[in-house]
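J.: Protein chains in written order, with our numbering: chain W, 1 to 343; chain U, 1 to 343.
For glycine and all other residues, C-beta sits at the position ideal for the given N, C-alpha and C.
Quick caveat, the model's predicted, so the values are computed rather than measured.
2 protein chains.
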Amino acid sequence: MFESYTIKDIAKALGLSTSTVSRALNGSYEIGAETKKLVLEYAEKVNYRPNPIALSLKEQKSHSIGVVVCEVANDYFSQAINGIESIAYNRGYHVIITQTHESFDRESTNVKHLLSRHVDGLLVSLSAETADTSQYKYLHDKGFPIVFFDRVAADVNTHKIIANNFKGSFDATELLIKAGFTKIAHLTNSNNLLISRERFDGFKAALDKHQLDFKPGYLKHCNHGGMIQDEVELAVKELLNMDEHPDAIFIASDRLTISCMHILKRLGIKIPQDIGIAGFTNSDVAELFDPPLTVIRQPAFQIGQMATEMLIKTIESKWPIEDFITEQVETELIIRSSSQKLF
Amino acid sequence: MFESYTIKDIAKALGLSTSTVSRALNGSYEIGAETKKLVLEYAEKVNYRPNPIALSLKEQKSHSIGVVVCEVANDYFSQAINGIESIAYNRGYHVIITQTHESFDRESTNVKHLLSRHVDGLLVSLSAETADTSQYKYLHDKGFPIVFFDRVAADVNTHKIIANNFKGSFDATELLIKAGFTKIAHLTNSNNLLISRERFDGFKAALDKHQLDFKPGYLKHCNHGGMIQDEVELAVKELLNMDEHPDAIFIASDRLTISCMHILKRLGIKIPQDIGIAGFTNSDVAELFDPPLTVIRQPAFQIGQMATEMLIKTIESKWPIEDFITEQVETELIIRSSSQKLF
DNA sequence: ATCGTTTCCGGGAACGTTTGCACATTAACA
DNA sequence: TGTTAATGTGCAAACGTTCCCGGAAACGAT
Numbered sequence: 001m002f003e004s005y006t007i008k009d010i011a012k013a014l015g016l017s018t019s020t021v022s023r024a025l026n027g028s029y030e031i032g033a034e035t036k037k038l039v040l041e042y043a044e045k046v047n048y049r050p051n052p053i054a055l056s057l058k059e060q061k062s063h064s065i066g067v068v069v070c071e072v073a074n075d076y077f078s079q080a081i082n083g084i085e086s087i088a089y090n091r092g093y094h095v096i097i098t099q100t101h102e103s104f105d106r107e108s109t110n111v112k113h114l115l116s117r118h119v120d121g122l123l124v125s126l127s128a129e130t131a132d133t134s135q136y137k138y139l140h141d142k143g144f145p146i147v148f149f150d151r152v153a154a155d156v157n158t159h160k161i162i163a164n165n166f167k168g169s170f171d172a173t174e175l176l177i178k179a180g181f182t183k184i185a186h187l188t189n190s191n192n193l194l195i196s197r198e199r200f201d202g203f204k205a206a207l208d209k210h211q212l213d214f215k216p217g218y219l220k221h222c223n224h225g226g227m228i229q230d231e232v233e234l235a236v237k238e239l240l241n242m243d244e245h246p247d248a249i250f251i252a253s254d255r256l257t258i259s260c261m262h263i264l265k266r267l268g269i270k271i272p273q274d275i276g277i278a279g280f281t282n283s284d285v286a287e288l289f290d291p292p293l294t295v296i297r298q299p300a301f302q303i304g305q306m307a308t309e310m311l312i313k314t315i316e317s318k319w320p321i322e323d324f325i326t327e328q329v330e331t332e333l334i335i336r337s338s339s340q341k342l343f
Numbered sequence: 001m002f003e004s005y006t007i008k009d010i011a012k013a014l015g016l017s018t019s020t021v022s023r024a025l026n027g028s029y030e031i032g033a034e035t036k037k038l039v040l041e042y043a044e045k046v047n048y049r050p051n052p053i054a055l056s057l058k059e060q061k062s063h064s065i066g067v068v069v070c071e072v073a074n075d076y077f078s079q080a081i082n083g084i085e086s087i088a089y090n091r092g093y094h095v096i097i098t099q100t101h102e103s104f105d106r107e108s109t110n111v112k113h114l115l116s117r118h119v120d121g122l123l124v125s126l127s128a129e130t131a132d133t134s135q136y137k138y139l140h141d142k143g144f145p146i147v148f149f150d151r152v153a154a155d156v157n158t159h160k161i162i163a164n165n166f167k168g169s170f171d172a173t174e175l176l177i178k179a180g181f182t183k184i185a186h187l188t189n190s191n192n193l194l195i196s197r198e199r200f201d202g203f204k205a206a207l208d209k210h211q212l213d214f215k216p217g218y219l220k221h222c223n224h225g226g227m228i229q230d231e232v233e234l235a236v237k238e239l240l241n242m243d244e245h246p247d248a249i250f251i252a253s254d255r256l257t258i259s260c261m262h263i264l265k266r267l268g269i270k271i272p273q274d275i276g277i278a279g280f281t282n283s284d285v286a287e288l289f290d291p292p293l294t295v296i297r298q299p300a301f302q303i304g305q306m307a308t309e310m311l312i313k314t315i316e317s318k319w320p321i322e323d324f325i326t327e328q329v330e331t332e333l334i335i336r337s338s339s340q341k342l343f
């Protein structure tokens, strides 16, 4: 039944006061053994569950956490959310998810909305458009719990969970180089995002190590994170139409990787004969692609879990936290034939 | 700022009572024009937002809806959840998502948990294991708002949103037949699910129409909905090892379709040369598969939206609802080469 | 001057909890 | 017999709202 018993009901039924019942339920030492037993048994019998809303009001805690991501229909984020939910559920928190669709305005209003919902903390992965992180800085300075994951704000000193983007990029790029590709382009997200810069650095470092020089024309940013199909298409076409066009593309985000594959398919470009491909994605079906796709995969589920654990620890901490840590997790390079150069 | 102003604060600052402020904010006719203006302006200035938790306690409504699905990391369900969120957000509800992982026990505890959270209504897609729907019947009889989507409970008379499973299956099967396949197997979910039975009926009807007889050995149920990889693998292998093995498989669920593709790939089975494939899935990358996969696609986003609209309408209805409707939406058959017979 | 109406506003209860405090009972002690 | 301590229980406030009442002031009509 969904009309639930309250402490008042129990008190009335047992001829006790609500305070006594409350204390008995919470195992207070100042309640007699038999009274306690009486209450506990009755509560069990009628399946008493404390009203979480009343508790929230009393404790001034909503027991909910707000999540800000660009979109949920995305392999990386749906896996991360899975991780977030799994921890939150067990710890008695519920999760309110909001999507920015890579828009800074949406992100701001989402944060405001979550705050007006009185969430106890925020789990944030920035939108591609976001350059201004002052709202987070402000909240964080006021002591509001925030944990960033994946797309972190460089200038807000709070807990963060990130993948080893440099190494992931370096390894993937080096893989392409070792396979024999020499003219490697880089398709990436907005430069606002720290991950874009880190991934670029890894890419560049691999080039440097193998004495390949970096062509500025081979670097393409999609400032809307792949939400605008035309933007990606334009970038890809520009690469393909260059006089000395690239023989491989290293792609730095999940959505861009998938978009790019669609575009290449539509254009009839053969992989890896015409162009080699390696990209970040958490798709579980990259193995089934034609050709099977070489990917850099992040432990999205674990990242979601770690971020949530950290956030809840921060929320429930008795003292203000001053030591904020940045956890780094390793990526996984899964080599398939899209990155194999054919001679 | 996240410490928000309360009505009390406003009352104190303006030398009014909380009742007056509350009424002014709600535009009550019994408040003088200038008082109202004063309050409204001050509230605007300090960016007053009513505390949703206090409101919930007062109104005995949590403004949240519970969602029960088998998993979120699934193309169909992540798209549906996207639709659910989009409506709920606009209507001022938040969404609590729970996953059954196709287990009936998990489903029961999830429902109990959501109820103890005082959700105002439930959006449910049954687990593959669920045969007993009495808990929903009970709640529904008590007047608790429930809307089923996709995997509906046949014997609970409430609002439902389903795809035209019969037609989707019929069309896909007929497509395989017309392509020249004659020995078509059917890989599907547990028979507990109404959608499995409907999809089987569509499959069977197409066979009948074209005078192909149905071989019981060609029907394989995965009672755990594809959550157990070995179960799917066994089913697929049994089909392939039959004396007169099928020349095509029609697959009736998202997860099974993807699982089956992985298994066939690992076994080195060529599609469509060795076996033709068509299956239900909402994957956005089926086009990129090797070979491109013929799919039956459901309008998952819209289904999520419709279900949520219906649920909120039921929640907010003044009178008890007696006319419950079942909305049916059409599926989309996307023909690609996995279902093209090569001679 | 008295009464009824209108207009405007405040007091206080209620929603379901927790918790500081006060109180009652009993037992032990002087 | 009175004092103290220990034990067990209840009252009431608080969290932020809404809303039923009751009431004060102003006004016109009698």
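State the Cα-Cα distance for the pair V232 of chain W and P291 of chain W, rounded to the nearest angstrom.
T.: Within the first sequence, residue 232 of chain W is the residue found at index 232, counting from 1. Within the first sequence, residue 291 of chain W is the residue found at index 291, counting from 1. C-alpha separation (whole angstroms): 21 Å.
J.: I'd like the list of long-range same chain contacts for F149 of chain W, defined as Cβ closer than 6 Å, with 5 residues on each side in sequence excluded.
T.: Here the question's residue 149 of chain W lines up with position 149 in the first sequence. Only S125, I161, I303, A307 meet the Cβ criterion.
J.: With DSSP run on the structure shown, which of helix, strand or coil describes C260 of chain W?
T.: Here residue 260 of chain W is taken as the residue at index 260 of the first sequence, counted from 1. Here C260 of chain W sits in helix by DSSP.
J.: Who does N189 of chain U pair with in a DSSP beta bridge?
T.: Translated into the one-based positions of the second sequence, residue 189 of chain U becomes position 189. In the DSSP output, where bridge partners are listed per residue, N189 of chain U has U:C222.
J.: At a cut-off of 7 Å, would you count H210 of chain U as near the ligand FMN, judging by its Cβ distance to the nearest heavy atom?
T.: In the structure on display, the ligand FMN does not appear, and there are no ligands present to speak of.
J.: Thinking just about the alpha-carbon of each residue, which of W:V147, W:E244, W:H186, W:I195 is nearest to the one in K204 of chain W?
T.: In the first sequence, the residue the question calls residue 204 of chain W occupies position 204. Taking only the C-alpha atoms, the option nearest K204 of chain W is W:H186.
J.: Along the stretch 72-88 of chain U, where does the CB come closer than 7 Å to a CB of chain W? Name the residues.
T.: Within the stretch 72-88 of chain U, the qualifying residues are V72, A73, S78, Q79, I81, N82, E85.
J.: Does any C-beta atom of chain W lie closer than 8 Å to the C-beta of M261 of chain U?
T.: The sequence position of residue 261 of chain U within the second sequence is 261, counting from 1. Answer yes: the Cβ-Cβ gap between M261 of chain U and chain W drops below 8 Å somewhere.
J.: Taking Cβ to Cβ, would you say K341 of chain W is nearer than 8 Å to F181 of chain W?
T.: Numbered from 1 along the first sequence, position 341 holds the residue referred to as residue 341 of chain W. Numbered from 1 along the first sequence, position 181 holds the residue referred to as residue 181 of chain W. Closer than 8 Å, so yes.
J.: Which residue marks the beginning of the beta strand (DSSP E) containing E332 of chain W, and which one marks its end?
T.: In the first sequence, counting from the first residue as 1, residue 332 of chain W sits at position 332. 332-334 is the extent of the beta strand (DSSP E) around E332 of chain W.
J.: Would you kindly check if the distance between the Cβ of A128 of chain W and the Cβ of S190 of chain W is under 8 Å?
T.: Counting from 1 along the first sequence, the entry for residue 190 of chain W is found at position 190. Counting from 1 along the first sequence, the entry for residue 128 of chain W is found at position 128. Yes, the pair counts as a contact, with Cβ atoms nearer than the cut-off.
J.: Alpha carbon to alpha carbon, how far is Y138 of chain W from C70 of chain W?
T.: In the first sequence, residue 138 of chain W corresponds to position 138, counting from 1. In the first sequence, residue 70 of chain W corresponds to position 70, counting from 1. One C-alpha to the other measures close to 22 Å.
J.: Looking at the secondary structure, which residues open and close the beta strand (DSSP E) in which E327 of chain U lies?
T.: Reading the second sequence from its first residue, position 327 is the one you call residue 327 of chain U. 326-329 is the extent of the beta strand (DSSP E) around E327 of chain U.
J.: Below 8 Å, how does it come out for the stretch 56-74 of chain U and the stretch 93-110 of chain U: are there three or more Cβ pairs, yes or no?
T.: As far as the Cβ criterion goes, the stretch 56-74 of chain U touches the stretch 93-110 of chain U, which means the pair count is three or higher.
J.: So what does DSSP say about H118 of chain W, is it helix, strand or coil?
T.: Here residue 118 of chain W is taken as the residue at index 118 of the first sequence, counted from 1. H118 of chain W: coil per DSSP, three-state reduction.
J.: Less than 8 Å between CB atoms is the rule here; does S287 of chain U satisfy it with respect to chain W?
T.: Reading the second sequence from its first residue, position 287 is the one you call residue 287 of chain U. One detail in the question is off: residue 287 of chain U reads as Glu in this sequence, not Ser. Interface residue, yes.
J.: Nearest-angstrom Cα distance between R117 of chain U and D230 of chain U?
T.: If you number the second sequence from 1, residue 117 of chain U lands on position 117. If you number the second sequence from 1, residue 230 of chain U lands on position 230. Cα-Cα distance, rounded: 36 Å.
J.: Against P145 of chain W, what residues of chain U qualify as contacts under a CB-to-CB distance less than 9 Å, listed in chain order?
T.: Position 145 of the first sequence, counted from the first residue, corresponds to residue 145 of chain W. What P145 of chain W touches in chain U: nothing, since even the nearest Cβ is about 10 Å away.
J.: Can you look up G66 of chain W in the DSSP assignment and give me helix, strand or coil?
T.: Here residue 66 of chain W refers to the residue found at position 66 when the first sequence is read from its first residue. Three-state result, G66 of chain W: strand.
J.: Which class does I312 of chain U belong to by DSSP, given the choice of helix, strand or coil?
T.: Reading the second sequence from its first residue, position 312 is the one you call residue 312 of chain U. I312 of chain U: helix per DSSP, three-state reduction.
J.: Compile a chain-ordered list of the residues in the stretch 25-57 of chain W whose CB is closer than 8 Å to at least one CB of chain U.
T.: Correct list: R49, N51, P52, I53, A54, S56, L57.
J.: Among W:T326, W:E316, W:I275, W:W319, whose alpha-carbon lies nearest the alpha-carbon of S337 of chain W?
T.: Start at 1 with the first residue of the first sequence, and residue 337 of chain W comes out as number 337. With distances taken between Cα atoms, S337 of chain W lies closest to W:I275.
J.: Count the other CB atoms within 10 Å of the CB of S259 of chain U; is the residue buried (16 or more) or exposed (fewer)?
T.: In the second sequence, counting from the first residue as 1, residue 259 of chain U sits at position 259. Answer is buried; the Cβ neighbour count reaches 16.
J.: Using a 10 Å radius around the Cβ and a threshold of 16 neighbouring Cβ atoms, would you call F343 of chain W buried or exposed?
T.: Start at 1 with the first residue of the first sequence, and residue 343 of chain W comes out as number 343. Classification for F343 of chain W: exposed.
J.: Once the 5 residues before and after E174 of chain W are set aside, which same chain residues still bring their CB inside 6 Å of it?
T.: On the first sequence, position 174 is the one that residue 174 of chain W refers to. Around E174 of chain W: A206.
J.: Can you list, in chain order, the residues of its chain whose CB lies under 7 Å from that of M227 of chain U, leaving out five sequence neighbours each side?
T.: For the purposes of this step, residue 227 of chain U is taken as residue 227 along the second sequence, with counting starting at 1. Within the same chain, M227 of chain U has close Cβ partners H101, E102.
J.: Just confirm the distance between the C-beta atoms of P145 of chain W and D120 of chain W, as a whole number of angstroms; I'd bet it's less than 8 Å.
T.: Walking along the first sequence from the start, residue 145 of chain W turns up at place 145. Walking along the first sequence from the start, residue 120 of chain W turns up at place 120. Contact holds; Cβ gap of about 7 Å.
J.: Contact between the stretch 320-338 of chain U and the stretch 285-299 of chain U: three or more CB pairs below 8 Å?
T.: Taking 8 Å as the limit for Cβ pairs, the verdict is that the stretch 285-299 of chain U does touch the stretch 320-338 of chain U.
J.: Here's the rule I'm using: 16 or more other beta-carbon atoms within 10 Å means buried, otherwise exposed. How should A43 of chain W be labelled?
T.: To locate residue 43 of chain W, count along the first sequence from 1; it is residue 43. Buried, because 16 or more other Cβ atoms sit within 10 Å of the Cβ of A43 of chain W.
J.: Determine the chain U residues that contact R117 of chain W at a beta-carbon separation under 8 Å, and present them in chain order.
T.: One-based indexing of the first sequence puts residue 117 of chain W at position 117. Those within 8 Å of R117 of chain W in chain U are P52, H94.
J.: Give me the Cα-Cα distance between I249 of chain U and H224 of chain U, rounded to the nearest whole angstrom.
T.: For the purposes of this step, residue 249 of chain U is taken as residue 249 along the second sequence, with counting starting at 1. For the purposes of this step, residue 224 of chain U is taken as residue 224 along the second sequence, with counting starting at 1. If I take the Cα positions, the gap works out to 19 Å.
J.: Starting from the N-terminal side, write out each stretch of the beta strand (DSSP E) that is 3 residues or longer and does not extend beyond the stretch 261-299 of chain U.
T.: You should have 276-280, 294-297.
J.: Going by beta-carbon coordinates alone, are I53 of chain U and S62 of chain W separated by less than 8 Å?
T.: Position 53 of the second sequence holds residue 53 of chain U. Position 62 of the first sequence holds residue 62 of chain W. Against a cut-off of 8 Å, the Cβ pair of S62 of chain W and I53 of chain U comes out as a contact.
J.: Measure from the alpha carbon of K167 of chain W to the alpha carbon of each residue in W:Q328, W:S339, W:T35, then state which is nearest.
T.: On the first sequence, residue 167 of chain W is found 167 positions in, with the first residue counted as 1. Selected option, being the one with the closest Cα: W:Q328.
J.: Just verifying my parser: in three-state terms, what is the DSSP assignment at H140 of chain U?
T.: Numbered from its first residue, the second sequence carries residue 140 of chain U at position 140. DSSP places H140 of chain U in helix when its eight states are reduced to three.
J.: Give the interface partners of S283 of chain U over in chain W, defined as CB-CB distance under 8 Å, in chain order.
T.: For this step, residue 283 of chain U is matched to residue 283 along the second sequence. Near S283 of chain U (Cβ distances below 8 Å), the residues of chain W are V285.
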